[in-house]
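Participant:
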Amino acid sequence: MARITSAHAFMVDLEPKVVRTDAIQSFNSQETIFVVLRDVDGANGTGYSYTIGDGAPAILSLLKETLLPRLMGQDADRIEAVWRDLLFCSHATGVGPIMSLALAAIDTALWDMRGRKTGLPLHILAGGAKSSVPMYTTEGGWLHLSPKDLVDDALESRKAGFLGSKVKIGKPTVAQDAERLEAVRTALGDDYEIMTDANQSMTSGEAKRRLPMLERLNIAWFEEPLPADDIAGHTRLQRQSRVPVAVGESMYSPGQFADYIAQDACEIVQADVARIGGITPWLKVAHLAEAHNIAICPHFLMELHVSLVCAVPNAPWLEYIPQLEDIAAPMEQDGGNAIAPTQPGLGIEWDHDKLTSLTVEGSAFEIMEASQ
Numbered sequence: 007m008a009r010i011t012s013a014h015a016f017m018v019d020l021e022p023k024v025v026r027t028d029a030i031q032s033f034n035s036q037e038t039i040f041v042v043l044r045d046v047d048g049a050n051g052t053g054y055s056y057t058i059g060d061g062a063p064a065i066l067s068l069l070k071e072t073l074l075p076r077l078m079g080q081d082a083d084r085i086e087a088v089w090r091d092l093l094f095c096s097h098a099t100g101v102g103p104i105m106s107l108a109l110a111a112i113d114t115a116l117w118d119m120r121g122r123k124t125g126l127p128l129h130i131l132a133g134g135a136k137s138s139v140p141m142y143t144t145e146g147g148w149l150h151l152s153p154k155d156l157v158d159d160a161l162e163s164r165k166a167g168f169l170g171s172k173v174k175i176g177k178p179t180v181a182q183d184a185e186r187l188e189a190v191r192t193a194l195g196d197d198y199e200i201m202t203d204a205n206q207s208m209t210s211g212e213a214k215r216r217l218p219m220l221e222r223l224n225i226a227w228f229e230e231p232l233p234a235d236d237i238a239g240h241t242r243l244q245r246q247s248r249v250p251v252a253v254g255e256s257m258y259s260p261g262q263f264a265d266y267i268a269q270d271a272c273e274i275v276q277a278d279v280a281r282i283g284g285i286t287p288w289l290k291v292a293h294l295a296e297a298h299n300i301a302i303c304p305h306f307l308m309e310l311h312v313s314l315v316c317a318v319p320n321a322p323w324l325e326y327i328p329q330l331e332d333i334a335a336p337m338e339q340d341g342g343n344a345i346a347p348t349q350p351g352l353g354i355e356w357d358h359d360k361l362t363s364l365t366v367e368g369s370a371f372e373i374m375e376a377s378q
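For the sequence shown, the residue numbers in the working numbering are 7 to 378.
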């Protein structure tokens, strides 16, 4: 039994390198919560989770007071059992974003440990469907950028080998959204994919009014047009649209994805490994989507998602938003394709000196097994 004997947790706060805005918010910082686990044999694994500007103290508190103490003494090899035990131990008060984000830091650490102990990279451990995946970039498509800025970034991205760009929409008028999208389509041509993301900003009527424009421009998908809890609205919209509706960035359990799929409310799911609670539930959603012939195109966290999208057969894209440049080695790329890491575990090469120097004061703590 690979008994878990200690956990070290801390937070690093990373500022975005560029301004990131969408129709409802700005990405102010990435509060990155780390969990480092060690078992009785001395094996270790590092996992992480994140917020986009606030909430990390609540996640750290849940880890410190409830989840990590309960984790001590459990078998690190039984990842599914651990995940379910931690989920249900505080489900009456903790179900939702904070619980899922805390669980993800633990679950990814356990998968990292398994990979390190077996000598296998995550994309092989989790399925091994492929070794690389095409990328689309969101980094040059933020809502505050002008049509010219969008075009300039898309042209540079295509020159670098990217096959698509995501453009944020949700301007006050349809005409303003159309101007931005038409500029990119005119400049890049019909063989360059354009994704759109409304970030839950629209009413049903506003989203419906944009459908003819999105269809005319052959948009790859219409992401989060409505609030995430409006399943019925997404179902109606999907039935009216020839553009696939994409959802999932703002969902926090496999059951939410099951409800969307059962009600034909989407054609693309975008489970975020941190927001859904880790690799264990992410794989459940990926396989559920595959069983329904639906693609999974995860949100953000490219350095971790690259391994997961290469693990499963129904993940055609990886979203390019670089955010770990200050604390980790760059993700391997071949033009516009991301290469799955071949190192054991998550395959992210952390700069431990940087992590130490950037740790937020007062955030670090250690939990030990009582007998240790």
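Ideal Cβ positions, reconstructed from N, Cα and C, are used throughout, including at glycine.
Start and end of the alpha helix (DSSP H) containing ARG44?
Facilitator: For this step, residue 44 is matched to residue 38 along the sequence shown. Taken as a continuous stretch (DSSP letters only), ARG44 belongs to no alpha helix (DSSP H), being part of the beta strand (DSSP E) at 36 to 45.
Participant: From SER137, ARG216, ARG90 and ASN224, pick the residue whose C-alpha is nearest to that of GLN349; which is it?
Facilitator: Here residue 349 is taken as the residue at index 343 of the sequence shown, counted from 1. Out of SER137, ARG216, ARG90 and ASN224, SER137 has the C-alpha closest to the C-alpha of GLN349.
Participant: Report the start-end ranges of each alpha helix (DSSP H) in the segment 157 to 245 that is 4 residues or longer and not cut off at the edges.
Facilitator: Entirely contained in the segment 157 to 245, the alpha helix (DSSP H) runs reaching 4 residues are, in chain order, 180 to 194 and 210 to 222.
Participant: Tell me which residue opens and which closes the alpha helix (DSSP H) that ILE104 is part of.
Facilitator: Reading the sequence shown from its first residue, position 98 is the one you call residue 104. Residues 103 to 124.
Participant: Tell me which residues share the same chain as ALA110 and place their Cβ nearer than 6 Å to its Cβ, disregarding the 5 neighbours each side in the sequence.
Facilitator: By 1-based counting over the sequence shown, the position of residue 110 is 104. Result list for ALA110: SER55, ALA280, GLY283 and GLY284, in chain order.
Participant: So, at 6 Å on beta carbons, what are the nonlocal neighbours of HIS305 in its own chain, with the 5 sequence-adjacent residues on each side left out?
Facilitator: The residue you call residue 305 lines up with position 299 of the sequence shown. Once the five neighbours on either side are set aside, the close Cβ partners of HIS305 are GLU255, GLN276 and ASP278.
Participant: Would you decide whether SER152 is buried or exposed? Buried here means 16 or more other CB atoms lie within 10 Å of its CB.
Facilitator: Mapped onto the sequence shown, residue 152 falls at position 146. The residue in question, SER152, is exposed, as its Cβ has fewer than 16 Cβ neighbours within 10 Å.
Participant: Go through its chain and collect everything with a Cβ distance to PRO250's Cβ below 6 Å, but skip five positions before and after it.
Facilitator: What you label residue 250 is simply residue 244 of the sequence shown in a count that begins at 1. The answer, listed in chain order, is TRP227, GLU273 and ILE274.
Participant: Residues in the same chain with beta-carbon distance under 6 Å from LYS23, minus the five sequence neighbours each way, listed in chain order, please.
Facilitator: One-based indexing of the sequence shown puts residue 23 at position 17. Closer than 6 Å at Cβ, skipping near neighbours: no residue.
Participant: Could you give the uninterrupted runs of the alpha helix (DSSP H) lying entirely in the segment 262 to 335, keeping only those of 4 residues or more?
Facilitator: Runs of the alpha helix (DSSP H) inside the segment 262 to 335: 285 to 297 and 308 to 317.
Participant: Using the Cα positions of ASP235 and GLY48, report the straight-line distance between them to the nearest angstrom.
Facilitator: The residue you call residue 235 lines up with position 229 of the sequence shown. The residue you call residue 48 lines up with position 42 of the sequence shown. Spanning the two alpha carbons is a distance of roughly 44 Å.
Participant: Three or more C-beta pairs under 8 Å: does that hold for the segment 84 to 96 against the segment 286 to 294?
Facilitator: Cβ pair count under 8 Å is three or more, so yes.
Participant: Using the DSSP secondary-structure output, state which residues sit across from VAL18 in a beta bridge.
Facilitator: Along the sequence shown, one-based indexing puts residue 18 at 12. In DSSP, VAL18 forms a bridge with THR38 and THR365.
Participant: I'd like to know whether the C-beta atoms of ASN50 and ARG120 end up nearer to each other than 9 Å.
Facilitator: Position 44 of the sequence shown, counted from the first residue, corresponds to residue 50. Position 114 of the sequence shown, counted from the first residue, corresponds to residue 120. Not in contact: ASN50 and ARG120 (Cβ atoms no closer than 9 Å).
Participant: State the Cα-Cα distance for the pair LEU307 and GLY53, rounded to the nearest angstrom.
Facilitator: As a first step, residue 307 is located in the sequence shown; it is residue number 301 there, counting from the start. As a first step, residue 53 is located in the sequence shown; it is residue number 47 there, counting from the start. About 12 Å.
Participant: Three or more C-beta pairs closer than 8 Å, one from the segment 206 to 218 and one from the segment 328 to 341: is that the case here?
Facilitator: No contact exists between the segment 206 to 218 and the segment 328 to 341.
Participant: Between the segment 102 to 118 and the segment 69 to 80, do at least 3 Cβ pairs fall closer than 8 Å?
Facilitator: Yes, since at least three Cβ pairs between the segment 102 to 118 and the segment 69 to 80 fall closer than 8 Å, the two stretches touch.
Participant: Hey, out of ALA160, GLY176, ASP183 and GLN182, whose CA is closest to ASP197's CA?
Facilitator: Mapped onto the sequence shown, residue 197 falls at position 191. Of the listed residues, the one whose Cα sits closest to ASP197 is ALA160.
Participant: Suppose contacts are defined by Cβ-Cβ distances below 9 Å. Is ARG191 in contact with LEU223 by that definition?
Facilitator: Indexing the sequence shown from 1 puts residue 191 at position 185. Indexing the sequence shown from 1 puts residue 223 at position 217. Contact: yes.
Participant: Taking DSSP as the reference, what is the three-state secondary structure of ILE85?
Facilitator: Counted from its first residue, the sequence shown places residue 85 at position 79. Reduced to three states, the DSSP call for ILE85 is helix.
Participant: When you compare only the Cα positions, how much space is there between VAL134 and PRO328?
Facilitator: Translated into positions along the sequence shown, residue 134 becomes position 128. Translated into positions along the sequence shown, residue 328 becomes position 322. Looking at the sequence provided, one finds Gly at residue 134 rather than Val. Roughly 24 Å between the two C-alpha positions.
Participant: ALA4 lies in the beta strand (DSSP E); which residues open and close that run?
Facilitator: What is shown of the chain runs 7 to 378, which leaves residue 4 out entirely.
Participant: Should GLN378 go down as buried or exposed, given a rule of 16 or more other Cβ atoms within 10 Å for buried?
Facilitator: Your numbering for residue 378 matches position 372 in the sequence shown. With a pLDDT of only 49 at GLN378, under the threshold of 50, the placement of this residue in the model should not be trusted; the figure read from the coordinates follows. GLN378 comes out exposed.
Participant: Could you tell me which residues DSSP pairs with PRO140 in its beta bridges?
Facilitator: Working through the sequence shown from its first residue, we reach residue 140 at position 134. Paired residue(s): ASN343.
Participant: Ignore the nearest five residues each way along the sequence and tell me which others in GLY351's own chain have a CB closer than 6 Å to its CB.
Facilitator: One-based indexing of the sequence shown puts residue 351 at position 345. Contacts found: ASP118, GLY121 and ARG122.
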